[in-house]
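Since the structure comes first, as structure tokens, the remarks are kept for the end.
Residue numbers (the working numbering): 1 to 755.
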């Protein structure tokens with residue numbers, strides 16, 4: 001993750017299409033009613049029952065569902081369902097795919113004074129009613145009516161419904177009903193059987209458990225060079241489709257060569273589609289040369305007929321047009337696509353060429369072992385997958401593809417650059433279009449960049465041949481053959497996506513379930529560790545209290561590419577072990593101090609410096625992995641960081657006396673993906689590598705250091721330990737600002753993401 005991405009803001013693309021309404025009746029139960037009654041249809045109804053009956057009538061009268069064909073040539077052609085569900089005073093606007101499930105959802109509370117329905121007129125569409133925050137007519141979820149009178153009649157009903165929803169007696173009933181609905185949607189059912197350790201449940205798009213008879217196989221990839229070689233082989237072997245999604249698709253050697261491979265396969269008639277996050281295109285920290293070169297690489301793919309979602313040929317103007325709906329809503333400004341997946345021939349998982357790669361690796365030199373500089377030679381974690389699970393991964397890609405296609409307002413401009421011809425059936429026209437529109441990549445002007453890129457390109461040539469160049473401790477170069485991936489049949493596996501636009505928290509739910517059910521050991525590696533929620537902290541502390549040995553690995557401030565994350569994350573260390581320390585100090589004897597009191601929770605920071613290397617140079621840069629191993633039996637690997645951006649943030653429901661009683665996770669700002677799999681051999685291998693690496697490249701944080709970081713005041717900086725490396729505590733200032741403003745994370749994710 002790059003620093004620019006971590007602190008940048010952009011806007012969620014709201015639904016611009018007209019939307020219709022569907023209705024689902026619900027009944028009330030367990031609520032006291034008034035004595036005043038009225039006979040309706042031969043039945044005695046109390047006053048509150050009468051109000052509830054009227055509410056249901058209004059909701060039912062507005063019921064509509066509309067199916068439509070959505071066609072973005074070269075991108076997606078599919079059938080979608082537009083609807084709004086009005087239930088218990090909540091308006092849920094939604095676009096669904098008939099098999100993939102919900103693509104976009106926006107929720108509006110009719111009891112909220114800020115969510116006023118309002119009249120809308122659109123030329124050629126007719127008279128409508130818009131729902132949701134007052135930002136822009138055309139960007140609100142809207143239902144249209146064929147006549148002025150029909151719209152006004154419906155609007156009068158909605159006005160009446162809003163008055164009902166705001167009445168205290170009905171609000172009490174509605175609150176109970178909505179809580180029941182929330183509990184149903186969040187019900188976590190037990191695993192399929194006692195032998196399956198993977199949690200089940202969560203929601204409609206959370207993925208299903210595949211058991212051993214499904215024959216899913218998984219191989220570990222912890223080396224960027226291996227990842228490059230295996231991806232190259234898989235892309236070259238593809239027969240039908242190649243789907244690529246990453247946060248970053250860089251303008252360096254990794255991006256240039258990957259684009260070349262994809263263009264070659266497109267010319268062979270393979271269906272190729274690319275998604276990356278639009279903000280990565282304008283990475284100002286890399287400079288104008290990288291931005292310009294990035295745009296040319298994407299233009300080349302468009303010229304070859306490869307749709308590139310997340311990119312606009314109109315540059316910054318197109319970015320703003322695609323991404324913005326006004327800067328009023330800070331939640332949507334920041335939501336980004338953080339998924340990483342490469343899916344090949346996913347329609348037929350039984351074919352020899354069908355394979356998927358998922359985890360933390362983007363398309364850039366530092367992830368794929370192409371950098372010479374040790375600080376840019378990152379440690380990441382991917383897995384390769386074969387089997388039916390690939391279909392679930394491909395469905396996640398397609399959901400993101402449709403969502404981005406719907407919101408791409410510059411589509412017509414991109415269409416001019418997208419090759420419209422079939423590379424096989426219309427080969428001559430295809431080649432002519434490609435030659436006319438294929439731009440030359442601009443050369444780097446800075447000598448350092450030229451040299452770096454040339455070296456990286458040379459490495460890609462050796463990696464294509466299956467040779468890895470290793471620099472052990474920066475001493476001597478060694479050339480080794482890339483080992484063959486060691487696929488293991490897993491006992492159970494599950495693909496879990498989380499999309500904030502759909503209010504999904506599935507991955508963090510899975511983390512909590514696995515931690516809460518751990519019996520002996522938990523190993524966590526996470527690049528950007530900010531355990532800012534009480535529920536997550538309590539889960540770790542409860543596991544430690546029942547004797548589970550927990551190790552947590554994150555980055556120190558010198559290896560973290562987003563240093564602020566380290567500074568902020570450190571302030572949480574002490575809280576994780578403080579209770580355990582206090583308990584054990586009662587029995588501690590001698591004068592050795594707190595550093596010598598063993599705790600079940602140990603925290604390590606990745607230094608990237610080999611302990612037996614006297615030069616003290618960083619030879620392994622940012623530890624970018626996001627994975628967990630539990631009891632050396634079940635593992636979780638994905639793109640999900642344990643920080644507020646990825647969903648480790650919350651709001652807390654309060655009782656009337658203002659006591660915090662329950663914590664509900666805020667869905668975060670990034671869409672994320674993860675795979676959970678059960679196989680003791682793979683889990684044991686990941687655990688052994690983990691222990692070996694923390695012994696070689698990490699520093700164990702002592703209790704004294706945790707105390708130092710937790711309360712930095714005056715000369716206690718709490719940020720950096722070296723001389724002259726800071727004059728004030730930035731992390732503490734952000735935390736103080738947060739509490740002074742009394743801003744909740746779910747109200748202002750920007751502040752929470754910097755906490």
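Every residue gets a Cβ at the ideal spot worked out from N, C-alpha and C, and that includes glycine.
Compare the Cα-Cα distances from residue i to each of the options and report the closest residue.
i           : options               : result
residue 126 : 620, 693, 237 and 142 : 142
residue 530 : 223, 514, 563 and 391 : 563
residue 307 : 549, 566 and 72       : 72
residue 667 : 500, 171 and 615      : 500
residue 61  : 157, 78, 295 and 255  : 157
residue 78  : 466, 557 and 405      : 405
residue 229 : 82, 613, 526 and 465  : 465
residue 518 : 534, 536, 548 and 489 : 548
residue 703 : 628, 257, 68 and 579  : 579
residue 509 : 523, 536 and 483      : 536
residue 453 : 706, 108, 369 and 261 : 369
residue 118 : 411, 147 and 152      : 152
residue 545 : 527, 569 and 576      : 576
residue 313 : 394, 398, 418 and 359 : 418
residue 498 : 257, 638, 513 and 389 : 638
residue 515 : 630, 424, 582 and 459 : 630
residue 319 : 551, 411, 481 and 634 : 411
residue 583 : 321, 67 and 541       : 541
residue 121 : 708, 279 and 148      : 148
DSSP state of residue i, grouped into three classes?
i           : result
residue 199 : coil
residue 379 : strand
residue 50  : helix
residue 551 : strand
residue 693 : helix
residue 191 : Residue placement at residue 191 cannot be trusted, given a pLDDT of 46 that sits under 50; the coordinates are not used to answer.
residue 646 : helix
residue 348 : coil
residue 118 : strand
residue 369 : coil
residue 677 : strand
residue 701 : coil
residue 357 : strand
For residue i, which residues of its own chain have a beta-carbon under 7 Å away from its beta-carbon, when the five flanking residues on both sides are left out?
i           : result
residue 696 : 610 and 611
residue 387 : 214, 215, 216, 217 and 349
residue 781 : Nothing about residue 781 can be reported from this structure: the residues present for the chain run from 1 to 755 only.
residue 209 : 192, 196, 198, 200, 492 and 494
residue 265 : 235, 238, 242 and 272
residue 251 : 290, 293, 294 and 297
residue 621 : 366, 374, 375, 376, 377, 378, 559 and 608
Given that a residue counts as buried once 16 or more other Cβ atoms are within 10 Å of its Cβ, and exposed if not, what is residue i?
i           : result
residue 585 : exposed
residue 432 : exposed
residue 758 : Because the chain spans 1 through 755 in this model, residue 758 falls outside it and cannot be assessed.
residue 445 : exposed
residue 131 : buried
residue 436 : exposed
residue 83  : buried
residue 285 : exposed
residue 57  : exposed
residue 316 : exposed
residue 643 : buried
residue 423 : buried
residue 102 : buried
In chain order, what residues of the same chain have a beta carbon less than 6 Å from the beta carbon of residue i, not counting five sequence neighbours either side?
i           : result
residue 604 : 553, 694, 698 and 700
residue 244 : 274 and 342
residue 263 : 304
residue 166 : 111
residue 640 : 507, 626, 646, 672 and 674
Short of 8 Å in beta carbon distance, which residues of its chain neighbour residue i, apart from the five on each side in sequence? Order them along the chain.
i           : result
residue 566 : 554, 555, 556, 557, 560 and 605
residue 227 : 221, 357, 361, 367, 368, 369, 380 and 382
**Asked** At what residue ranges does the segment 456 to 507 contain a whole run of the beta strand (DSSP E), taking only runs of 3 or more?
**Response** The qualifying runs are 467 to 470, 478 to 481 and 492 to 498.
Only counting runs of 3 or more residues, tell me where the beta strand (DSSP E) segments fall wholly within the segment 220 to 246, in order along the chain.
List check, beta strand (DSSP E) in window: 241 to 246.
request  = Pick out the complete alpha helix (DSSP H) segments inside the segment 273 to 320, 4 residues or longer, and give them in chain order.
outcome  = Listed in chain order, the alpha helix (DSSP H) elements of length 4 or more contained wholly in the segment 273 to 320 are 288 to 303.
field: Minimum length 3: unbroken beta strand (DSSP E) runs contained in the segment 421 to 445
entry: Taking only runs of at least 3 residues, no beta strand (DSSP E) segment lies wholly in the segment 421 to 445.
* Asked: At what residue ranges does the segment 56 to 130 contain a whole run of the beta strand (DSSP E), taking only runs of 3 or more?
  -> If we require 3 residues or more, the beta strand (DSSP E) runs fully inside the segment 56 to 130 come out as 65 to 72, 76 to 87, 90 to 97, 101 to 109, 118 to 122 and 126 to 130.
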